[in-house]
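Each number in my numbering comes from the position in the sequence shown (counting from 1) with 2 added on. We put the beta carbon where it would ideally sit given N, CA and C, even for glycine. Worksheet: the structure to be examined is printed underneath.
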Amino acid sequence: LLELIFVGFGNVARRTVRLLEQMRGRLPFDWKGVAVITARHGWAHAAAGLDMAAVLEVLDSGRSLADERRGDAADLITGLCSLRSRVANDGRLVCVETTVLDIRAGEPATSHVRAALSGGAHVVSANKGPAAFAYRALADLAEARSRQFLFEGAVMDGIPVLNLVRETLPGVVVTGFRGVINSTTNHILTALDRGEAFDAALARMQAEGIAESDPTLDVDGWDTAAKTAVLMNVLMGARVTPHDIEREGIRGVSPADVRAAAARGERLRLVASADCDAGSPRGRVRLERVAASHPFGSLEGQQNAILIRTDLLGEVGILQRDGGLTQTAYAIVSDLATIAGRLTRAPTAVVRSPEL
Ligand SMILES: NC(=O)c1ccc[n+]([C@@H]2O[C@H](COP(=O)([O-])OP(=O)(O)OC[C@H]3O[C@@H](n4cnc5c(N)ncnc54)[C@H](OP(=O)(O)O)[C@@H]3O)[C@@H](O)[C@H]2O)c1
């Protein structure tokens, strides 16, 4: 039985809880939610397990949870890990971190992850911030505490890009990648292809909960830069942040630009790429013209694709036809299944705690 502490309970966390409920019985683990922490809508905790349907009902209707939040969420996480230290010591406590991306420094999510790992909890996140800004330090902390720090949902929703390399390509060196990895900008660019207006396409993405709560993060290429940093740090052993990525957005794209590309048999796409041809890895986010027949040229709406360059297998590609909230929620579910699976396979190292 996994005990889940939800830090952030917006679009992604709510869809995750609904998916976990929907999948009960076909998942290799059971779970209960023991805490929910939000920024402006209070927090709740119950060692016996929260009534998650009631939590969803309260927050969906815009009301707040009973306990008003005082102080920092990281301190609450530390306190909760201490309260649930027996469960943490069993390796069954998991912090599900889905607060908003802060592009300046990846905070407060990085502090949330650090507090959870230090308290003996595993961490599953859909937030790019921690891995984009502090991957090596957090991965080292997780390893030192014998805990998992997993974040498949941070890049390309539910598509197993990070898992693919970690689980199925042992010893293979990733030398670079190219990808269309932001759903909102691809949706806007393909809407422009069809003659629709920029603002209407962006508004649709916001209404569906796909665009970042601050849509400039998508439109100005920051979200793609953050994902590029995550991929470089995890797959290529880089130590970069989103601020090290050369970046361009789609704000200046006009219908005339799109029509001019179409007249040449091309499409405009926001392409993330990285290579280490000149020694140290370098990342870029650029608005590129790609042939309509290229795998990126045929991506419509929220579709994503990535081509990963490797030393042994050449280029390995993944195409995501249906990206969205359910897919991101599934990435969290799949990370939880990974944690549960490793629990049943290996004895859990004990984390020292005051209660022992
Ligand atoms: N939406 C997607 O399709 C998608 C896909 C992949 C990855 N992601 C990533 O997943 C994360 C969550 O996205 P979302 O769409 O669920 O965001 P969201 O709907 O805006 O929800 C964010 C949640 O985090 C809470 N929060 C913000 N700052 C906090 C803090 N300092 N302490 C505690 N709680 C805090 C908010 O509380 P209040 O409501 O009280 O403010 C809210 O419950 C983001 O990092 C995003 O980049 C999203």
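Exercise. Per DSSP, what kind of secondary structure is D324 in: helix, strand or coil?
Worked result: Numbered from its first residue, the sequence shown carries residue 324 at position 322. In the three-state reduction of the DSSP assignment, D324 falls in the coil class, being assigned neither a helical nor a strand state.
For this session: Look at the Cβ atom of V98, then the Cβ atom of T192, and state whether they are nearer than 8 Å.
Result: As a working note, residue 98 is residue 96 in the sequence shown. As a working note, residue 192 is residue 190 in the sequence shown. Between V98 and T192, the C-beta gap is not smaller than 8 Å, which leaves the two residues out of contact.
Exercise. Between the Cα of G197 and the Cα atoms of V255, A144 and V96, which residue gives the shortest distance?
Worked result: Translated into the one-based positions of the sequence shown, residue 197 becomes position 195. Minimum Cα distance to G197 is reached at V255.
For this session: Quick one: using the 10 Å Cβ neighbour count with 16 as the cut-off for buried, is L315 buried or exposed?
Result: Residue mapping note: residue 315 aligns to position 313 of the sequence shown, counting from 1. Within a 10 Å sphere around the beta-carbon of L315 sit fewer than 16 other beta-carbons, which makes this residue exposed.
For this session: Below 7 Å CB to CB, which residues in the same chain sit around G108 once its five sequence neighbours on both sides are set aside?
Result: Residue 108 sits at position 106 when you count from the first residue of the sequence shown. So the list reads G131, P132, A134, F135 and A136, once near-sequence residues are dropped.
For this session: Going by DSSP, name the residue or residues bridged to I7.
Result: The count along the sequence shown starts at 1 and reaches residue 7 at position 5. DSSP, once it has assigned bridges, lists A37 and C97 as partnering I7.
Problem set entry | CA nearest to the CA of L338, picked from F11, H43, V96 and R88 | Numbered from 1 along the sequence shown, position 336 holds the residue referred to as residue 338. Measuring from the Cα of L338, the nearest candidate turns out to be V96.
Exercise. Looking only at its own chain, which residues have a Cβ that is under 7 Å from the Cβ of G44, when we skip the five neighbours before and after it?
Worked result: As a first step, residue 44 is located in the sequence shown; it is residue number 42 there, counting from the start. Once the five neighbours on either side are set aside, the close Cβ partners of G44 are S66, L67, A68, D69, E70 and R71.
Exercise. Quick one: what's F179 bridged to in DSSP?
Worked result: Here residue 179 refers to the residue found at position 177 when the sequence shown is read from its first residue. Paired residues: A276 and I310.
Exercise. Looking at the unbroken alpha helix (DSSP H) that takes in E43, where does it start and where does it end?
Worked result: Sequence index remark: in the sequence shown, residue 43 carries index 41 (1-based). Per the sequence shown, the amino acid found at residue 43 is His instead of Glu. Careful: H43 lies outside any alpha helix (DSSP H) and carries neither H nor E.
Exercise. V167 to V175, Cα distance in whole Å?
Worked result: Looking up residue 167 in the sequence shown gives position 165. Looking up residue 175 in the sequence shown gives position 173. About 9 Å.
Exercise. Is R271 near N188, with beta carbons less than 8 Å apart?
Worked result: Stepping through the sequence shown from its first residue, residue 271 is reached at position 269. Stepping through the sequence shown from its first residue, residue 188 is reached at position 186. Closer than 8 Å, so yes.
Problem set entry | Residues that R249 bridges to, as DSSP identifies them | As a working mapping, residue 249 is identified with position 247 in the sequence shown. V287, per the DSSP bridge assignment.
Exercise. When the distance is taken between beta carbons, is P110 closer than 8 Å to A139?
Worked result: Residue 139 sits at position 137 when you count from the first residue of the sequence shown. Residue 110 sits at position 108 when you count from the first residue of the sequence shown. Against a cut-off of 8 Å, the Cβ pair of P110 and A139 comes out as no contact.
Exercise. Is DSSP giving L315 helix, strand or coil here?
Worked result: Your numbering for residue 315 matches position 313 in the sequence shown. L315 sits in coil when the DSSP states are folded into three classes, being neither helix nor strand.
Exercise. Where does D201 sit, in a helix, a strand or coil, going by DSSP?
Worked result: Walking along the sequence shown from the start, residue 201 turns up at place 199. Residue state, collapsed to three classes: helix.
Exercise. Can the beta-carbon of V89 be found less than 8 Å from the beta-carbon of D195?
Worked result: In the sequence shown, residue 89 corresponds to position 87, counting from 1. In the sequence shown, residue 195 corresponds to position 193, counting from 1. No, these two residues do not count as a Cβ contact at 8 Å.
For this session: From the DSSP output, in three-state form, read off L358 for me.
Result: Looking up residue 358 in the sequence shown gives position 356. Caution applies to L358, whose pLDDT of 31 falls short of 50 and renders its modelled position unreliable; the value that the coordinates give is listed next. L358: coil per DSSP, three-state reduction.
For this session: For A202, collect the residues of the same chain with a Cβ closer than 7 Å to its Cβ; drop the 5 residues on either side in sequence, then sort them by chain order.
Result: Position 200 of the sequence shown, counting from 1, holds the residue named residue 202. Counting only Cβ-Cβ distances below 7 Å, and skipping sequence neighbours, we find nothing.
Problem set entry | heavy atom of ligand 1 below 7 Å from V102 C-beta | As a working note, residue 102 is residue 100 in the sequence shown. Remark: the C-beta of V102 is in contact range of ligand 1, defined as less than 7 Å to any heavy atom.
Exercise. Taking C-alpha atoms, which residue in A144, D104 and A48 lies nearest to H245?
Worked result: Numbered from its first residue, the sequence shown carries residue 245 at position 243. Relative to the Cα of H245, the nearest Cα in the group A144, D104 and A48 belongs to D104.
For this session: Mind checking which residues open and close the alpha helix (DSSP H) that includes S185?
Result: Working through the sequence shown from its first residue, we reach residue 185 at position 183. For S185, the enclosing alpha helix (DSSP H) covers residues S185 to D195.
Exercise. Exposed or buried, what is L3 when buried is set at 16 or more other beta-carbons lying within 10 Å of its beta-carbon?
Worked result: As a working note, residue 3 is residue 1 in the sequence shown. With a threshold of 16 other beta carbon atoms within 10 Å, L3 falls short and is exposed.
For this session: Would you decide whether D222 is buried or exposed? Buried here means 16 or more other CB atoms lie within 10 Å of its CB.
Result: One-based indexing of the sequence shown puts residue 222 at position 220. Around the C-beta of D222, 16 or more other C-beta atoms lie within 10 Å, and the residue is accordingly described as buried.
For this session: Please classify R344: is it buried, with 16 or more other beta-carbons within 10 angstroms of its beta-carbon, or exposed?
Result: Translated into the one-based positions of the sequence shown, residue 344 becomes position 342. Counting Cβ neighbours within 10 Å, R344 comes out exposed, since fewer than 16 surround it.
Exercise. Should M158 be flagged as near chain D, meaning a C-beta pair shorter than 8 Å?
Worked result: In summary, chain D is missing from the structure at hand, where a single protein chain is found.
For this session: Quick one: give me the first and last residue of the alpha helix (DSSP H) that R236 is part of.
Result: Within the sequence shown, numbered from 1, the residue matching residue 236 stands at position 234. In the sequence as presented, Arg is not what sits at residue 236; that position holds Val. Segment W224 to L237, the alpha helix (DSSP H) holding V236.
Exercise. Measuring CB to CB, does G178 end up less than 8 Å from S275?
Worked result: If you number the sequence shown from 1, residue 178 lands on position 176. If you number the sequence shown from 1, residue 275 lands on position 273. Result yes, Cβ atoms of G178 and S275 sit closer than 8 Å.
Exercise. Measuring CB to CB, does R94 end up less than 8 Å from L119?
Worked result: Within the sequence shown, the letter at position 92 stands for residue 94. Within the sequence shown, the letter at position 117 stands for residue 119. In this structure, L119 does not lie closer than 8 Å to R94 by Cβ.
Problem set entry | Local conformation of V352 per DSSP, three classes | Counting from one through the sequence shown, the residue named residue 352 turns up at place 350. Here V352 scores only 46 on pLDDT, less than 50, and its place in the model is too uncertain to base an answer on.
Exercise. Since K229 and V182 are thought to touch, with beta carbons under 8 Å apart, how far apart are those beta carbons, to the nearest angstrom?
Worked result: Taking the first residue of the sequence shown as 1, we reach residue 229 at position 227. Taking the first residue of the sequence shown as 1, we reach residue 182 at position 180. Not a contact, Cβ separation roughly 11 Å.
Problem set entry | Burial state of D32 (16 or more Cβ within 10 Å) | As a first step, residue 32 must be located in the sequence shown, where it is residue number 30. Residue burial is scored here from C-beta neighbours: D32 has fewer than 16 other C-beta atoms within 10 angstroms and is therefore classed as exposed.
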